[in-house]
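Protein chains: 2
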Amino acid sequence: MNLEEIARIAGVSRSTVSRVVNGDKRVSDDARARVNEIITEYGYQPHAAARSLASRRTRMLGLRIPGEVSFIFSDPYFPEMVQGVVDACNEADYGLMLMMEPENDPISAERIYQRVIRGRHIDGVILSTSVIGDPFAGRVAADGMPAVMIGRHPTLPTVDIDNADAARQAVAHLIDHGYRQIAHIPGPCTIAAANERKAGYEAALSEAGIPLDSSLVEPGDFTELSGYLAMRHLLERPEGRPDAVFGGSDTMAVGATRAIAEAGLSVPDDVAVMGFDGLSVHTRNYPGLSTLQQSIPNLGRTAVELLLKRIANPDGPTEHVYLGTALSPRGSCGCGEAARTDATPLEELVSHLEDAPVMSACA
Amino acid sequence: MNLEEIARIAGVSRSTVSRVVNGDKRVSDDARARVNEIITEYGYQPHAAARSLASRRTRMLGLRIPGEVSFIFSDPYFPEMVQGVVDACNEADYGLMLMMEPENDPISAERIYQRVIRGRHIDGVILSTSVIGDPFAGRVAADGMPAVMIGRHPTLPTVDIDNADAARQAVAHLIDHGYRQIAHIPGPCTIAAANERKAGYEAALSEAGIPLDSSLVEPGDFTELSGYLAMRHLLERPEGRPDAVFGGSDTMAVGATRAIAEAGLSVPDDVAVMGFDGLSVHTRNYPGLSTLQQSIPNLGRTAVELLLKRIANPDGPTEHVYLGTALSPRGSCGCGEAARTDATPLEELVSHLEDAPVMSACA
DNA sequence: TTGTAAGCGTTATCAT
DNA sequence: ATGATAACGCTTACAA
């Protein structure tokens, strides 16, 4: 069943049917009703490829998860983000194509790029992580493919949080508790957000007049296992073990917690733990993981909104949206039961965050 | 840059360029070389929509994650499966479209269905979970959309494991340890695999002559929280607490472990724990989570292979592929350090599983 | 081996 | 408000 047949049956031209399907106002109520009736009766649905070819729009977006981070697809961060992206796509009647390159395989990464981006499979693409030195962002711009970065980027529209300041707050909170030997497990230095959070950690120490000590920084790769291994190193440090640790992500913080427990030590009494992300999965840890809460699904939703705007108006201003964050102290930082029950419940917190995006636009 | 221009520049016809692009043998080496040169020089990439319209193939697959389970997208099961599906798609130069309906919203589920399936956005679809009473599988068949089920289905090609027998083995192992009060936390009864695993639990008890006790079965919904809550109920059971628990998934088993620890009890001494899935994320639990290992990425890969076969030959036999599983005893079931170190390392195990699919075909 | 030409099912332009 | 008609960029018989 195609446009032509519907037109014939309804006794109108293809153009009229097309207008009805696309919600064009320039159709008489009479004709519209008749056409809609036939469409429903025969269950007509426009053919996606034909539509795309003629309109030069695919109504599909791409979501790129770079190969550099695909090994941490096990981090619940990504599922949460995907959820937000998918929801927003559905609401806009757009499809979502997953672009995940294999890890160390530039050849197939290139094949995927050519097929999807250059082949115009999609109308725009969401880049899910700023990876240092990743040529992808520059290439899509050169190929005229609208793109939005979740993270930092100089020329692309971006959705992000203020990683550095949020991390600074988190570490400042540990300092307020009286900890002085504060370790940090940063994510890989190829990922911009990891570096920003590390900078925030350093800023908090500086502000408190605590000298930086590189032996307190043990890098991880955002996996739980890396957090576990990093913490083991930190506990065996010759200068003595740290009294607190700030994980570059909740997932690494949970790994650290495990190493602490395995060493027969207690959280927070021997070593306090602070995470970053606020993943709902970790709500039920004991003691509750203190963390810096961000709304990850909202990051995804906002990226879709920005991208759709960009597609509709490629010459509009390059927006940079910053979403709010909030310190969420639970048991693991040393805040007692009091703080835990006082803490804003997760749901409220998240809806609050969603209401508070900070926008800034530059032409 | 399009076919026409390439043809003009190379001094051949559009057909010849098309043949070169599509690897048709009926082209002289001479012409092929010249065309390829021009293609490379100008960076030509065929237009996806035009191709689809003419060839009636989109080179895109869909992956449907039903709304009934989308709330457990936080379960690492799904990311692992997606990973396998994506890898296989990439290797075949196919794109992957994510179909995730919102949870209780039949209207938008229907919109998505119409747009994607009826609009012929994809060449075939992978159904990721058998949900009891889900009309989706029947509809795609009626709409002539090739489909493969990950799970059980009477008429569709399927990829699955023998959930019932695997669960039986897992519980039999607990019985071998001497436990008699074995509880079970099944997944929701709307999901076929959850019921099959529960049946396996019951079978193991029957075989050992242990009477079924419904107060030992406390359902969950595959989330960690539900496992935690179910275990709390089980611990407060008037007839006394169970001496072992079989979780319907690793994630629920981990939740149960947490409840046990919170109650001041020890795993496995007070309550032994057995999971199901073998998610790599839980490898670093302490004590290690004993589980029934399956290869989830391989489930996804195999589904893609089956679907591609189906698309190429819709009238071929309806294959049902069963992938192998293996009991993976670690600390939480009561197997000591010996068993833990004896246990086949994860990587080996997985590659072993991948080699051992059991195939059965029925016309 | 190569070229010609007829679609594929829409949208979009331009009359009317 | 409606309809003819020309794209859109490719594949695919069919002819040569």
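In order, the protein sequences belong to chains W and X. What the first sequence shows, in this note's numbering, is residues 1 to 363, in sequence order. What the second sequence shows, in this note's numbering, is residues 364 to 726, in sequence order. For glycine and all other residues, C-beta sits at the position ideal for the given N, C-alpha and C.
Buried/exposed call for residue i, threshold 16 Cβ in 10 Å
i	result
residue 287 of chain W	buried
residue 374 of chain X	exposed
residue 555 of chain X	buried
residue 385 of chain X	exposed
residue 397 of chain W	There is simply no residue 397 of chain W to check, as chain W begins at 1 and stops at 363 in what is shown.
residue 406 of chain X	exposed
residue 275 of chain W	buried
residue 242 of chain W	buried
residue 371 of chain X	exposed
residue 683 of chain X	buried
residue 383 of chain X	buried
residue 629 of chain X	exposed
residue 189 of chain W	exposed
residue 664 of chain X	buried
residue 587 of chain X	buried
residue 317 of chain W	exposed
residue 593 of chain X	buried
residue 575 of chain X	exposed
Neighbouring residues, chain W, relative to residue i (Cβ below 7 Å)
i	result
residue 627 of chain X	Going along chain W, no residue has its Cβ under 7 Å from residue 627 of chain X, so there is no contact; the nearest lies around 11 Å.
residue 458 of chain X	97, 116, 121
residue 415 of chain X	49
Distance, residue j Cα to residue i Cα
i	j	result
residue 601 of chain X	residue 215 of chain W	53 Å
residue 244 of chain W	residue 585 of chain X	33 Å
residue 112 of chain W	residue 453 of chain X	7 Å
residue 340 of chain W	residue 331 of chain W	Because the pLDDT of residue 340 of chain W is 44, which lies under 50, any placement of that residue in the model is unreliable, and the number read from its coordinates should be weighed accordingly. Approximately 6 Å between the Cα atoms of the pair.
residue 34 of chain W	residue 468 of chain X	29 Å
residue 77 of chain W	residue 450 of chain X	20 Å
residue 478 of chain X	residue 45 of chain W	7 Å
residue 378 of chain X	residue 57 of chain W	26 Å
residue 5 of chain W	residue 417 of chain X	19 Å
residue 333 of chain W	residue 596 of chain X	29 Å
residue 18 of chain W	residue 480 of chain X	20 Å
residue 413 of chain X	residue 402 of chain X	18 Å
residue 120 of chain W	residue 175 of chain W	51 Å
residue 614 of chain X	residue 645 of chain X	8 Å
residue 508 of chain X	residue 486 of chain X	7 Å
residue 342 of chain W	residue 280 of chain W	Confidence at residue 342 of chain W is low in this model, with a pLDDT of 37, below 50, so its placement is unreliable and the value that follows should be read with caution. Their backbone Cα atoms lie some 18 Å apart in a straight line.
residue 79 of chain W	residue 394 of chain X	48 Å
Chain X contact residues for residue i, given Cβ-Cβ distances below 8 Å
i	result
residue 250 of chain W	Those within 8 Å of residue 250 of chain W in chain X number zero; the least Cβ separation is about 12 Å.
Unbroken beta strand (DSSP E) run spanning residue i, endpoints
i	result
residue 326 of chain W	325–328
residue 683 of chain X	681–685
residue 428 of chain X	423–428
residue 181 of chain W	It is not in any beta strand (DSSP E) - residue 181 of chain W carries neither H nor E in the DSSP assignment.
residue 460 of chain X	458–463
residue 390 of chain X	Run containing residue 390 of chain X: none; DSSP gives neither H nor E here.
residue 359 of chain X	Outside the shown range of chain X (364 to 726) lies residue 359 of chain X, about which nothing can therefore be said.
residue 294 of chain W	291–294
residue 272 of chain W	272–274
residue 123 of chain W	First-last for residue 123 of chain W: undefined, no H or E at that position.
residue 522 of chain X	521–523
Chain-ordered neighbours of residue i on chain X, where CB pairs are closer than 7 Å
i	result
residue 90 of chain W	465, 471, 475
Contacts of residue i in chain X (Cβ-Cβ under 9 Å)
i	result
residue 45 of chain W	477, 478, 480, 481, 482, 483
Span of the alpha helix (DSSP H) around residue i
i	result
residue 621 of chain X	613–625
residue 230 of chain W	224–235
residue 3 of chain W	3–10
residue 408 of chain X	Residue 408 of chain X -> no alpha helix (DSSP H), and no H or E assigned at all.
residue 136 of chain W	136–142
residue 492 of chain X	No alpha helix (DSSP H) contains residue 492 of chain X, which DSSP labels as neither H nor E.
residue 508 of chain X	Careful: residue 508 of chain X lies outside any alpha helix (DSSP H) and carries neither H nor E.
Neighbouring residues, chain W, relative to residue i (Cβ below 9 Å)
i	result
residue 441 of chain X	79
residue 450 of chain X	100, 102
Interface residues of chain W facing residue i [CB-CB closer than 8 Å]
i	result
residue 421 of chain X	48, 49
Cβ pair count under 8 Å reaching 3, the stretch 191–200 of chain W against the stretch 161–171 of chain W: Output reads yes: the stretch 161–171 of chain W touches the stretch 191–200 of chain W.
Pair every Cβ in the stretch 389–409 of chain X with every Cβ in the stretch 445–463 of chain X, then say whether three or more of these pairs are closer than 8 Å. Because the criterion of three Cβ pairs below 8 Å is not met, the stretch 389–409 of chain X and the stretch 445–463 of chain X do not touch.
Touch test, the stretch 492–508 of chain X against the stretch 45–63 of chain W, Cβ-Cβ under 8 Å, three pairs minimum: In short, these stretches do not touch, since the Cβ pair count stays below three.
Check whether the stretch 256–266 of chain W touches the stretch 205–215 of chain W, taking contact to mean three or more Cβ pairs, one atom from each stretch, closer than 8 Å. At 8 Å Cβ cutoff, the stretches do not touch.
Does the stretch 663–678 of chain X come close enough to the stretch 631–641 of chain X that 3 or more CB-CB pairs lie under 8 Å? With the cut-off at 8 Å, the stretch 631–641 of chain X and the stretch 663–678 of chain X do not touch.
At least 3 beta-carbon pairs within less than 8 Å: the stretch 541–551 of chain X vs the stretch 510–527 of chain X: With a cut-off of 8 Å on Cβ pairs, the stretch 541–551 of chain X is not in contact with the stretch 510–527 of chain X, counting fewer than three such pairs.
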